[in-house]
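One structure below.
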Amino acid sequence: MCQLSNFKYTMEELELIVASVKQEMDAAIKHLEHAFQKIRAGRASTSMVQDVMVDYYGAPTPLSQVANVSVVDAMTLSIQPWDRTALGAIGKGIVNSNLGFAPSNNGDVIIINVPPLTEERRRDLAKQAKGETDQTKVTIRNARQEGNKELKRLEGIAEDLIKGVEKDIQELTDAFVRKSDELLKVKEAEILKV
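Heads up: the sequence shown begins at 1 in UniProt numbering, then just goes up one per residue.
See the structure below:
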């Protein structure tokens with residue numbers, strides 16, 4: 001009976017390691033998707049400015065907490081602050097964020113005209129997307145490595161069980177690497193489409 005009880009705990013530990021690895025890999029893919037949202041593909045999107053920080057009454061505040069951001073048309077963003085005194089700080093925050101936008105302030109709203117992408121800029125954005133994907137693959141492989149280290153720390157477990165779980169972790173790794181490549185392929189097509 002004691003042997004069966006130990007086996008149950010061992011299986012739970014192994015399943016927990018696999019679940020932990022999968023969770024880390026899921027987080028890496030979510031981070032990649034978020035990074036891809038910030039890489040513009042020629043159309044105006046509110047996600048372009050979602051990470052802009054504004055110095056609002058001395059405290060760095062996300063733009064979304066001080067203004068309403070909306071898409072006017074395919075090439076224009078409109079930023080309507082809830083407090084008109086924040087217009088200057090919002091404009092400064094956009095310029096300081098190095099997004100390459102020149103915001104114009106008409107006293108009520110800030111307008112951002114998104115310039116069309118040049119062929120060179122499209123290639124640069126595709127390289128940036130590839131770099132984000134490569135970083136995600138590194139994170140996925142690090143999760144695999146950590147999972148395998150955790151397996152080696154467990155004592156008194158049959159070698160075939162360990163090998164089986166290592167195989168499961170490798171299959172997860174391969175699936176997540178393929179997923180990141182698929183996301184890159186879609187993003188590159190979006191960026192390079194004229």
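Even glycine gets a Cβ: it sits at the ideal position worked out from N, Cα and C.
As assigned by DSSP and simplified to three states, the class of residue i
i: T139; result: helix
i: L183; result: helix
i: I10; result: Correcting the residue type first, residue 10 is Thr in the shown sequence and not Ile. In this structure, T10 counts as helix in the three-state DSSP scheme.
Status (buried if at least 16 other CB within 10 Å, exposed otherwise) for residue i
i: T85; result: exposed
i: T136; result: buried
i: T139; result: buried
i: P103; result: buried
Residue from the options whose Cα sits closest to the Cα of residue i
i: S20; options: V177, V165 and L183; result: V165
i: I111; options: A74, L151 and R153; result: A74
i: V177; options: T61, P115 and R144; result: R144
i: T46; options: A35, N68 and I157; result: N68
i: P116; options: G100, V95 and V54; result: G100
i: Q50; options: P81, N106 and Q65; result: Q65
i: residue 247; options: A59, G91, V18 and K30; result: Given that the chain is displayed from residue 1 to residue 194, the structure contains no residue 247 and the question cannot be resolved.
Residues near residue i in its chain [Cβ-Cβ closer than 8 Å; skip 5 each side]
i: K22; result: L172
Sequence-distant residues of the same chain with beta carbon closer than 7 Å to residue i, five excluded per side
i: L192; result: R122 and A126
i: L184; result: A129, K130 and T133
Any non-hydrogen atom of the ligand COA closer than 7 Å to residue i Cβ
i: V72; result: Judged by which ligands are present, the structure shown has none, so any question about the ligand COA falls away.
Own chain partners of residue i with C-beta closer than 6 Å, once the 5 adjacent residues on each side are dropped
i: R43; result: A74
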